[in-house]
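In my numbering, the protein residues as written are 54 to 501. Notes for the one structure printed next.
Set out below in structure tokens:
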């Protein structure tokens, strides 16, 4: 469970210097520190220890972790100065969140941005690599070529753009291509995933805070201010809580924001790009997205087709990823063999281009020849393609429902037996008893 929360943290925050995860007793279970120059604690110094034994200058009131464990409420952007158990003084801005499991408070996670001698470090653009351009959209598909043409046409306007596409289709790639094709390309591109962030925390991240607006808060710009003059990309806005959506609508319409706890209105010049991984009309009907915000952010809408609808791109993308991983892994893979090509073309790719990239990378780690072969593919892909082919074969012959069910069951049993060492192994794979398997063998007159 700790791993799941840590992964969520890295998706939520664009810049993280340190992460501490404790259990309900404030015993440290996970620790990560990417700035040993500003905080010299190592994993061996902290794991399994009580927080006040590690942060020796804090007490039950000044420790944000202990307060969160006590009341179960998040504490965003709190400035702390403490001495660690190695005697070093550390300056940090912490966001501390409770961890709940089935409604029970089971721990806390503390995310830190460290400072040097009390002076806040400048916020780093989370894109360490050069941002994507139109040339990074690899395609020969007519509908994707049309999408690239639309990006060229709208990139230099200030209109809000909404990108709609399934998980793994490349929404951030399209967003960055809009940015790098525009006159704002020399300004900042700030990306924020809105999924799973409490509205109170997201509000302070987007709009900033004023010192004293809540316990421990400091004057700090939000992402609208940081992106001023450039582009702000809000990913998965359908995961954003409804109570913050009117505030975003107001900011976009008025081109002004007010920090949390502040009164001064700050003018902003930001191009907003948003993204959803679901149909926006469906999101409106399910009360995930306000209709007025949809109209404001969706002035221009770009739909990225899933990989199964642009199958022309499959071989083209495979060759591209083979080239990429040959360079990265110093290998000389030439291509995929014919059997693999048939399997990959029959697969539905629910994870889209991201899944294809991961499959090719995985095959690179397993292959022992210069061709990627069936044995190098994940088992789940082979099994799903088999099941789909059996289903299509049955449907094409015009059987009744009962006949289709029996035929489907018969073919699955037959295929499983062929790929099993014995009947006990087959029964285990089918998750039925040996007696049940024997009954079905007799029922369908399958040769033993």
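We put the CB at the ideal spot given by N, CA and C, even for glycine.
Here's the rule: buried if 16 or more other CB atoms are within 10 angstroms of the residue's CB, otherwise exposed. What is residue 204?
buried
Quick one: is residue 375 near chain C, going by C-beta distance under 8 Å?
Absent here is chain C; the protein component of the structure consists of one chain.
Is it true that the stretch 104-121 meets the stretch 185-202, where meeting means three or more beta-carbon pairs spaced less than 8 Å apart?
no
Where does residue 229 land, buried or exposed, given buried means 16+ other C-beta within 10 angstroms?
Burial call: buried.
Using a Cβ-Cβ cut-off of 6 Å (strictly less than) and excluding sequence neighbours within five positions of residue 426, which residues of its own chain qualify?
Take residue 426, set aside five residues on each side of it, and the residues of its chain with a beta-carbon closer than 6 Å to its own are 390, in chain order.
Secondary structure of residue 215, DSSP reduced to three states
strand
Pull up the DSSP beta-bridge partners for residue 135, would you.
143
DSSP three-state assignment for residue 167, whether helix, strand or coil:
strand
What residue from 359, 310, 463 and 149 has the CA that sits closest to residue 492's CA?
463
Quick one: is residue 428 buried, meaning 16 or more other Cβ sit within 10 Å of its Cβ, or exposed?
It is exposed - the Cβ of residue 428 has fewer than 16 other Cβ atoms within 10 Å.
Where does residue 327 land, buried or exposed, given buried means 16+ other C-beta within 10 angstroms?
buried
Helix, strand or coil for residue 192, going by three-state DSSP, please let me know.
coil
Within the chosen definition, does the stretch 315-331 reach the stretch 286-297 through at least 3 CB pairs nearer than 8 Å?
Contact holds: three or more Cβ-Cβ distances are below 8 Å.
Residue 135 and residue 111: beta carbons closer than 8 Å?
Remark: C-beta atoms of residue 135 and residue 111 approach each other more closely than 8 Å.
Unbroken alpha helix (DSSP H) run spanning residue 493, endpoints:
487-496
Residue environment, residue 366, which counts as buried when at least 16 other CB atoms sit within 10 Å:
With 16 or more Cβ atoms within 10 Å of its Cβ, residue 366 is classed as buried.
Below 8 Å between beta carbons: does that hold for residue 129 and residue 244?
no
For residue 167, I'd like the list of residues in its chain whose CB is within less than 7 Å of its CB, leaving aside the five on either flank, ordered along the chain.
70, 71, 88, 91, 92, 143, 144 and 145
Express the C-alpha separation of residue 237 and residue 313 in angstroms, rounding to a whole number.
27 Å
Which same chain residues, not among the five before or five after residue 299, have their C-beta less than 6 Å away from its C-beta?
The beta carbon of residue 299 sits closer than 6 Å to no other beta carbon from its chain once the five residues preceding and following it are set aside.
Under the DSSP definition of a beta bridge, which residues are partnered with residue 328?
For residue 328, which the question treats as bridged, DSSP gives the partners 216.
Give the straight-line distance between the Cα atoms of residue 483 and residue 373, rounded to the nearest whole angstrom.
38 Å
Which runs of the alpha helix (DSSP H), 4 residues or longer, sit entirely within the stretch 67-102?
Entirely contained in the stretch 67-102, the alpha helix (DSSP H) runs reaching 4 residues are, in chain order, 96-99.
Short check: CB of residue 402 to CB of residue 361, under 8 Å?
yes
Would you say residue 404 and residue 220 are within 8 Å of each other, going by their C-beta atoms?
Residue 404 places its beta carbon less than 8 Å from that of residue 220.
Find the nearest neighbour of residue 159 within the set 98, 78 and 206, judged by alpha-carbon distance.
78
Taking the continuous alpha helix (DSSP H) assigned at residue 478, which residues delimit it?
Run containing residue 478: 476-483, per the alpha helix (DSSP H) assignment.
Neighbourhood of residue 255 by C-beta distance below 8 Å, restricted to the same chain and skipping five residues each side
247, 293, 294 and 297
I'd like to confirm the pairing. Which residues does DSSP put opposite residue 160 in its beta bridges?
76 and 152
Note down the Cα distance separating residue 371 from residue 200, rounded to an integer number of angstroms.
21 Å
Can you name the start and end residues of the beta strand (DSSP E) that residue 287 belongs to?
284-288
Spatial distance of residue 113 from residue 84 (CA atoms):
20 Å
Every unbroken alpha helix (DSSP H) inside the stretch 369-451 [4 residues or more]:
391-399, 405-419 and 432-448
Beta carbon of residue 398 nearer than 8 Å to that of residue 364:
yes
Nearest-angstrom Cα separation, counted from residue 349 out to residue 303:
Taking the straight line from one Cα to the other gives about 10 Å.
Who are the Cβ neighbours of residue 408 in its own chain at under 7 Å, not counting the five residues just before and after it?
221 and 402
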